[in-house]
Amino acid sequence: MKRIALLTVLVCLLLVVGCSRGLSPSVTESSGLKPLAVFYGRYQSQHRGKPPEKESEFRKFLDALPASELLSFNVKSIDEILVSPRDHQPYTILYGFPKGPPEGPGGVPIIAYEQTGVGDKRLVASSLGGVEEVDEARFQKLVPSAP
158 MKRIALLTVL VCLLLVVGCS RGLSPSVTES SGLKPLAVFY GRYQSQHRGK PPEKESEFRK
218 FLDALPASEL LSFNVKSIDE ILVSPRDHQP YTILYGFPKG PPEGPGGVPI IAYEQTGVGD
278 KRLVASSLGG VEEVDEARFQ KLVPSAP
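First residue of the sequence shown: 158, per the numbering used here; consecutive thereafter.
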């Protein structure tokens, strides 16, 4: 009887802990950087691994996306994913082949990041859709060419 009661309590605790995490999305998942990174990666996969060379190429690709693709990320417009809701500045997108070290989220070079971020931390993204919040020291290692 004690085992059943203990097991019931453990299951309830696991459910509460597991469900409470889903109530508020993490900073990385709720930013526009996640869909931006996914669409950047999708661009590469549709162009034989070649990233967009310039903003106009990527923008043309984004503008051609069906509305359902955007809605799958709870995004209503392309402009939503191009500006950080945290620092209210456009994301810096690195066009052409990445020049940084392959140490970003998922071991892939960074393709986009917040210009300023919040609280001495910035979001960075890889073309695999990985998004990570990093401090300034880590940011400088990931994107040494950034101002």
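Positions of the beta carbon are idealized from the N, C-alpha and C atoms, including for glycine. Values in this document were obtained by computation on a predicted structure and should not be read as measured data.
Buried/exposed call for residue i, threshold 16 Cβ in 10 Å
i, result
"Phe254", "exposed"
"Leu299", "buried"
"Pro208", "buried"
"Pro266", "buried"
"Pro223", "exposed"
"Gly198", "buried"
"Glu271", "buried"
"Gly274", "buried"
"Ala194", "buried"
"Glu290", "buried"
"Gly206", "exposed"
"Leu180", "Note that Leu180 scores a pLDDT of 27, beneath 50, so its modelled location is shaky; the value from the coordinates is reported in the next line. Exposed, by the Cβ-count rule."
"Pro182", "In this predicted model, Pro182 has a pLDDT of only 47, less than 50, meaning its place in the structure is not dependable enough to derive any value."
"Ser213", "exposed"
"Gly276", "exposed"
Integer Cβ distance of residue i from residue j, believed to fall under 8 Å
i, j, result
"Ala282", "Val288", "5 Å"
"Ala269", "Leu219", "Actually they are not in contact, since the Cβ atoms of Ala269 and Leu219 sit about 13 Å apart, beyond 8 Å."
"Lys233", "Leu239", "Contact doesn't hold; Cβ gap of about 13 Å is too wide."
"Tyr252", "Phe215", "7 Å"
"Pro242", "Ser188", "6 Å"
Which residues DSSP lists as bridging residue i, in chain order
i, result
"Ala282", "Ala269, Val288"
"Ile250", "Ala269"
"Val240", "Pro247"
Endpoints, alpha helix (DSSP H) assigned at residue i
i, result
"Phe196", "190 to 203"
"Lys233", "Lys233 -> no alpha helix (DSSP H), and no H or E assigned at all."
"Lys298", "293 to 299"
"Ala224", "224 to 228"
"Ser213", "212 to 220"
Check: residue i C-beta below 7 Å from any heavy atom of the ligand NAD
i, result
"Arg295", "The model depicted lacks the ligand NAD and carries no ligand whatsoever."
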